[in-house]
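**Q** Just so you know, our numbering puts the end of the sequence shown at 260, numbered straight through with nothing missing.
We put the CB at the ideal spot given by N, CA and C, even for glycine.
Fair warning: this is a prediction, and the values are worked out from it, not measured in the lab.
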Amino acid sequence: MTDAVPTEQEWTEQNRTEQERTERSWAEQERAERNRTEQERAEPNWTEQDWTDPACPVARTVDLVGDRWSLLIVRDAMDGAASFTDFRNRLGVARNILSDRLRKLTAHGILATSTPPGAKRHTYRLTESGQELFTVVVALRQWGERHAFAPGEDHSVLVDDGGRDVPRFRILDRSGRPVTAATSRVRKVGTPHVRKAGE
Numbered sequence: 062m063t064d065a066v067p068t069e070q071e072w073t074e075q076n077r078t079e080q081e082r083t084e085r086s087w088a089e090q091e092r093a094e095r096n097r098t099e100q101e102r103a104e105p106n107w108t109e110q111d112w113t114d115p116a117c118p119v120a121r122t123v124d125l126v127g128d129r130w131s132l133l134i135v136r137d138a139m140d141g142a143a144s145f146t147d148f149r150n151r152l153g154v155a156r157n158i159l160s161d162r163l164r165k166l167t168a169h170g171i172l173a174t175s176t177p178p179g180a181k182r183h184t185y186r187l188t189e190s191g192q193e194l195f196t197v198v199v200a201l202r203q204w205g206e207r208h209a210f211a212p213g214e215d216h217s218v219l220v221d222d223g224g225r226d227v228p229r230f231r232i233l234d235r236s237g238r239p240v241t242a243a244t245s246r247v248r249k250v251g252t253p254h255v256r257k258a259g260e
């Protein structure tokens, strides 16, 4: 004895039910995002974070934006993405993951939200601290151009307002000389600072 094959009407009804369920789920996620408490929107309390290495600025930054999606959200915000749908369409990330990352970036003061007049859904924009991640994104981009592509392989290119390639990112000291890992050091917490001549 074989199972009965659903009729066309039954298939249609089943698909409609599944679509309605999906739309309800999306609406619930968006409502939850809009209804975040004022406490979540307040200035982050950095002392209560679970840091990997509390005294290291690099480690703290990685804790905040070092997962698979957060920096890509920041990258796309710099490129004009503003709505949940914008980020979803560009990244192809699951809705629940995107909602979580947007919430965290907002809670950490990297993104801010606003609701345009007459709009039902809010949009996202980079805060000042979020905009300061531009140098991080550029450094990653330029490293990727040199080390993550085969010779001659096509890739996107960052250009200035005049359409010219952005120069290679470099860090210079007070004398204008390049600073590298070999010519710099990290002064650990608790290490006395001994000023050198000319500082």
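#1: In the structure shown, what three-state DSSP assignment does residue 57 receive?
#2: Taking DSSP as the reference, what is the three-state secondary structure of residue 143?
#3: For residue 215 and residue 206, I'd like the C-alpha separation in whole angstroms.
#4: Quick one, which of 181, 228, 218 has its alpha-carbon nearest residue 145's?
#5: Exposed or buried, what is residue 261 when buried is set at 16 or more other beta-carbons lying within 10 Å of its beta-carbon?
#6: Can you tell me which of 111, 110, 115, 105 puts its alpha carbon nearest to the alpha carbon of residue 250?
#7: Do the region 194–211 and the region 147–164 make contact, defined as three or more Cβ pairs closer than 8 angstroms?
#8: Taking just the CA atoms, how far does residue 119 sit from residue 231?
#9: For the region 163–246, which segments carrying the beta strand (DSSP E) assignment without a break, of at least 3 residues, lie completely within its bounds, in sequence order?
#10: Please report the distance separating the alpha-carbon of residue 187 from that of residue 242.
#11: What residues in its chain sit with their C-beta under 6 angstroms from that of residue 210, if we drop five residues either side in the sequence?
#12: Which same chain residues end up closer than 7 angstroms to residue 183 when comparing Cβ atoms and leaving out the 5 residues on each side of it in sequence?
#13: Buried or exposed: residue 158, going by 16 or more other Cβ atoms within 10 Å of its Cβ?
#14: Quick check on residue 98: buried or exposed, where buried means 16 or more other Cβ atoms within 10 Å of its Cβ?
#15: Work out the CA separation of residue 136 and residue 237 for me, nearest whole Å.
**A** Taking the geometry as given:
#1: No information on residue 57 is available, as it lies outside the stretch 62 to 260 that the chain covers here.
#2: coil
#3: Our two residues, residue 215 and residue 206, have alpha carbons roughly 10 angstroms apart in a direct line.
#4: 181
#5: A question about residue 261 goes unanswered here, because the residues of the chain that appear run from 62 up to 260.
#6: Answer by Cα proximity: 115.
#7: no
#8: The C-alpha of residue 119 is placed about 18 angstroms away from the C-alpha of residue 231.
#9: 172–175, 184–187
#10: 30 angstroms
#11: 216
#12: 95, 174, 175, 176
#13: exposed
#14: Here the model assigns residue 98 a pLDDT of 39, short of 50, so the residue's position is not dependable and the matter cannot be decided.
#15: If you draw a straight line from the Cα of residue 237 to the Cα of residue 136, it comes to about 29 angstroms.
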